[in-house]
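Numbering (our numbering), first residue to last: 28 to 353. Structure first, then comments.
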């Protein structure tokens with residue numbers, strides 16, 4: 028008979044689990060459930076599973092409670108005024124934020140954005156859209172990116188709007204945006220990386236026009252103009268069988284570079300048809316809103332929705348290859 032002492036013994040730390048849960052984790056999970064909107068067991072479990080060590084190491088009174096209070100308390104009380112449901116979504120995306128030291132890790136970044144002119148509501152929206160902005164270092168990342176954006180002419184309220192609506196600019200390598208600004212202003216075209224675009228057109232935008240394009244088309248912070256889809260958009264914009272416009276006019280409708288050509292071109296071509304072959308100088312309104320209500324909301328032609336849908340499909344079938352979209 029094998030003696031009980033010779034039986035395999037469970038790891039010693041397992042004997043501490045009940046105590047660990049009762050004394051350490053339970054109060055923290057109770058706080059997150061009650062104050063951070065994590066009443067859904069699945070969401071609470073996801074947060075715990077994603078950052079078990081951080082939650083164990085974080086102090087309830089020094090880290091978790093002050094951080095949660097800062098995110099949810101009203102602006103008048105010095106907080107961001109988030110709804111608990113919003114904080115719950117943030118916690119699931121980036122749970123480690125709840126373990127940050129409010130004074131040392133959260134407030135310096137919030138104050139940095141305030142100094143740039145962002146309002147509390149803008150900061151709240153920015154953090155909700157991209158929680159990672161509070162995990163990025165100020166000196167090595169945030170400040171250099173902001174300084175470069177300011178150097179190309181995006182400052183003041185424009186800068187605040189860009190950061191609030193498109194905080195992902197902080198997550199993209201700056202060399203892409205820098206190359207695009209060079210291409211926008213180039214008077215001789217460009218070859219792009221490794222000579223990938225030898226016939227790239229000379230866009231010849233002024234400094235102010237380039238800044239307006241970068242402001243209105245944040246996609247240029249992550250995608251090069253020399254890419255296939257971007258080049259197709261530029262060809263369509265300038266070609267006589269397309270829009271026949273000067274590249275400088277992109278500054279007035281930078282949204283054109285944000286949307287796919289398969290989406291924007293049928294809209295503009297159908298608008299031409301409705302208006303007897305001509306388009307207004309301001310194309311921006313035609314580039315906004317859903318496809319299903321385009322004819323009604325943008326063209327004032329509610330009876331043309333089915334006709335537009337048929338036109339859009341036909342354009343994609345016949346013209347996609349012409350503009351290099353296949």
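Glycine included, each C-beta is placed from N, C-alpha and C at the ideal position.
Only buried fits residue 99, as 16 or more other CB atoms lie within 10 angstroms of its CB.
Annotation: residue 244 to residue 85 spans about 40 Å, alpha carbon to alpha carbon. When DSSP states are grouped into helix, strand and coil, residue 264 belongs to the helix group.
Between the beta-carbon of residue 180 and that of residue 238 there is about 3 Å, and that keeps the pair under the 8 Å contact cut. Runs of the alpha helix (DSSP H) lying entirely within the segment 223-261 and spanning at least 4 residues, in chain order: 234-243. Going by DSSP, residue 121 is part of no alpha helix (DSSP H) at all; its letter is neither H nor E. Distance from the CA of residue 294 to the CA of residue 240, rounded to the nearest whole angstrom, comes to 21 Å. Of all alpha-carbon atoms in 185, 74, 197, 226, the one lying nearest the alpha-carbon of residue 235 is that of 185. Taking the C-beta atoms as reference points, residue 95 is found nearer than 8 Å to residue 125.
Within the same chain, 201 come within 8 Å of residue 171 by CB-CB distance, once the 5 residues on both sides are set aside. In the three-state DSSP reduction, residue 153 falls in the helix class (H, G or I).
In the three-state reduction of the DSSP assignment, residue 193 falls in the coil class. Counting C-beta pairs with one atom in each stretch, the segment 144-154 and the segment 189-206 have three or more that are closer than 8 Å, which means they touch. Counting along the chain, the unbroken alpha helix (DSSP H) around residue 325 starts and ends at 321-326.
For residue 158, the closest C-alpha among the options 105, 137, 53, 264 is that of 137. Annotation for residue 170: the continuous alpha helix (DSSP H) segment containing it runs 170-178.
Contact fails between the segment 68-83 and the segment 97-113, because fewer than three Cβ pairs, one in each stretch, are under 8 Å apart.
For residue 249, the closest C-alpha among the options 128, 212, 284, 188 is that of 284.
Your pair residue 272 and residue 265 checks out as a contact, with CB atoms roughly 6 Å apart and the cut at 8 Å. Rounded to whole angstroms, the Cβ separation of residue 338 and residue 321 is 10 Å, and the two are not in contact under 8 Å.
A check of alpha carbon separations from residue 258 across 211, 161, 323, 81 identifies 211 as the nearest. For residue 335, the uninterrupted alpha helix (DSSP H) segment begins and ends at 332-346. Beyond the five residues adjoining it in sequence on each side, residue 262 comes within less than 8 Å, by CB distance, of 269, 350, 351 in the same chain, given in chain order.
Only residues of its own chain outside the window of five on either side were considered, and among them 247, 248, 249, 250, 251 have a CB closer than 8 Å to the CB of residue 203, listed in chain order. Around the beta carbon of residue 164, fewer than 16 other beta carbons sit within 10 angstroms, so the residue counts as exposed.
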